[in-house]
Ligand code: SF4
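Numbering (my numbering), first residue to last: 46 to 669.
Here it is in structure tokens:
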């Protein structure tokens, strides 16, 4: 197989040593790379009983067969570990250029185990691997740590780092890379912190051998040009390069897809107005800041020049705006952008922190907590100053409520009690994302049955059949086949969700940016590129089978780390409560329990939600 190195860098932080593992082709043929390869390593090296913060946990950083080619979206890479929020396997993905450098350095993956006696960082320059003392970086925020890591190194290194949140084991601590992209969900930053690894700098100069480099070049040119032109046809304010995913707030409002007031309301006109694309660009001075080779260019750099929220850096994406803005009823876009940047610097996931603060605001509103709990802050809905201050206090692990929130809303609500569990919008220990289950019922199904990252909006982004008109005609999800009203139907939910989940796993394992799929990139583009890179000669059936195999392996990992069927059914009570206003008024995913069971059947799993032996044999997983 081409476009892989068959080489994995194994780092043992306890011993301060590394070794090279040669991995045979058949592992890649089964799991491709990225998320699939990471799941394979967890399966092989993390037995039952391994916990998130134990030295035996593996943090796996993995590229795929697409890294190293100059195709739009090919800057993605994946990571996985046992997560401290869901206490099961979880993966997450980021962009920037770390994955590309890892590939150019000659590594398909880096598998990190152990715990360093003192804070360390790694510098990887092709085959040269160095362990550096990082005591001087410990205690620094994630961006300052990246600057520190680069001191004495040349500019061409790509870095990833954790902030103070990862060091202090906040359950939703993230890992940042390039000051612009994040392994955001499930607390992988805390896993890194538990290993006392502050950061990694990497660069490489090797060129991977491709199966058909002329065809790869042709595909790159054709795809890059087509996607660029498709984007250029759009009215200015709808182009991804203008405000990135943040422009989705405007589009999702008429669909009822926004999370509003901790998922209690169906409309928030002031918020929709405040976060409009035109306001975003004006108030935040947004300019494109693309990942390497990207023609869609959704990431942007912002600058607020003056006032209490002055900063220059990453512009907030959709999930950050929605969870820290609409979900808290805050309309000050500068405050939300600044709070997001603050969270990024501490190294905290903005989805989880938005949910945690919304939970605290609702608890405050209902009298479950008061100013004696909130450090004197008026944690009323819409109070931007209080929200910003709470982000700071959570990041600092301030004793009391802020510390508790850093443990996640599940633990916070169970500790404080008094009925507050009812408005903790989490499943399995992770806060749910910014897609409203009343706008399309399949979002609820997705949150309940996700196997790659708990209740993730990303690991199976089935909501995009409606919210972004994602289509997969190659796998039978035709252009005209998905009716708008089917948002509120379970009829084809199981099969569609299974297909999108498997497709997501293929994308995260080939390592490609999902935003391409909403901008004209097709499954056929992905398959043709994988084949031209690797020589696998796959059909669409093979692609599906690979995705399904990875989904099932992730499910087996869930089971190994303690998943029980009832976990899928322990969703927030609010899931079944309709809102009174807005486009999804009166809608709620009633029948969710039966839909989960339907999904198990569609998957070929037993009524207990466990893959059958027959299914595992069919997917060639029994010998793994
Ligand atoms: S679409 Fe956005 S996240 Fe994806 S590669 Fe381009 S700039 Fe990066």
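We treat Cβ as the ideally placed atom computed from N, Cα and C, and that holds for glycine. Source: prediction; values computed, not measured.
- A contact between stretches requires three or more CB pairs, one per stretch, nearer than 8 Å, and the region 604-622 meets this requirement with the region 458-472.
- Residue 499 sits away from residue 550, with the two beta carbons spaced by 9 Å or more.
- The beta-carbon distance between residue 103 and residue 85, rounded to whole angstroms, is 11 Å. This is too long to meet the 8 Å contact definition.
- Straight through space, the alpha carbons of residue 571 and residue 580 are spaced by roughly 13 Å.
- Secondary-structure assignment with DSSP links residue 176 through a beta bridge to 167.
- In this structure, the ligand SF4 has no non-hydrogen atom nearer than 8 Å to the beta-carbon of residue 591.
- Distances from the alpha-carbon of residue 123 to those of 423, 553, 348 put 553 closest.
- A distance of 9 Å or more separates the beta carbons of residue 232 and residue 143.
- If you look at residue 76, you'll find it in the alpha helix (DSSP H) that goes 70-76.
- A contact between stretches requires three or more CB pairs, one per stretch, nearer than 8 Å, and the region 184-199 fails this requirement with the region 424-435.
- Remark: C-beta atoms of residue 269 and residue 112 do not approach each other more closely than 9 Å.
- The beta strand (DSSP E) runs of length 3 or more contained entirely in the region 105-144 are, from start to end of the chain, 122-127, 134-139.
- In the structure shown, residue 291 falls within a helical segment according to DSSP collapsed to helix, strand and coil.
- Annotation note: the region 354-436 contains the following uninterrupted beta strand (DSSP E) runs of length 3 or greater, listed N- to C-terminal: 356-359.
- Residue 623 carries a coil assignment under DSSP once its states are collapsed to helix, strand and coil.
- In this structure the region 446-458 lies against the region 472-480, because at least three pairs of beta carbons, one per stretch, are closer than 8 Å.
- Counting only residues whose CB is nearer than 6 Å to a non-hydrogen atom of the ligand SF4, the list in chain order is 118, 120, 140, 335, 336, 339, 341, 342, 343, 344, 558, 560.
- Around residue 358, the same chain offers 386 as residues with beta carbons nearer than 6 Å, after the five sequence neighbours per side are excluded.
- Under the DSSP assignment, residue 496 falls outside any alpha helix (DSSP H); it carries neither an H nor an E label.
- Under the three-state reduction of DSSP output, residue 314 falls in the helix class.
- Sequence-distant Cβ neighbours of residue 542 in its own chain, meaning closer than 7 Å and more than five residues away, are 487, 490, 491, 505, 507, 644.
- Taking residue 650 as the centre and dropping the five residues before and after it, the same chain places the C-beta of 656 closer than 6 Å to its C-beta, in chain order.
- Taking C-alpha positions only, residue 178 is separated from residue 190 by approximately 13 Å.
- Within a 10 Å sphere around the beta-carbon of residue 460 sit fewer than 16 other beta-carbons, which makes this residue exposed.
- Residue environment for residue 529: exposed (fewer than 16 other C-beta atoms within 10 angstroms of its C-beta).
- Distance from residue 105 to residue 154 at the Cβ level is roughly 6 Å; contact confirmed, criterion being Cβ atoms closer than 8 Å.
- Taking all protein chains shown into account, residue 221 has 16 or more neighbouring C-beta atoms within 10 Å of its C-beta and is therefore buried.
- Shortest Cα-Cα distance from residue 180 to any of 170, 188, 164, 172 involves 164.
- If you draw a 10 Å sphere on the C-beta of residue 228, you find 16 or more other C-beta atoms in it, and that means buried.
- For residue 211, the closest of 354, 294, 201, 182 by C-alpha to C-alpha distance is 182.
- At the C-beta level, residue 457 and residue 405 come within 9 Å of one another.
- Apart from sequence neighbours up to five positions away, the residues of its chain that approach residue 562 with a beta-carbon distance below 7 Å are 515, ordered along the chain.
- Residue pairing of residue 475 in beta bridges, as defined by DSSP: 472.
- The region 302-312 and the region 619-628 touch, with no fewer than 3 CB-CB distances between them shorter than 8 Å.
- Excluding five sequence positions before and after residue 509, the CB atoms of its chain that fall closer than 8 Å to its own CB belong to 515, 545, 562, 563, given in chain order.
- Rounded to whole angstroms, the separation of the alpha carbons of residue 293 and residue 322 is 9 Å.
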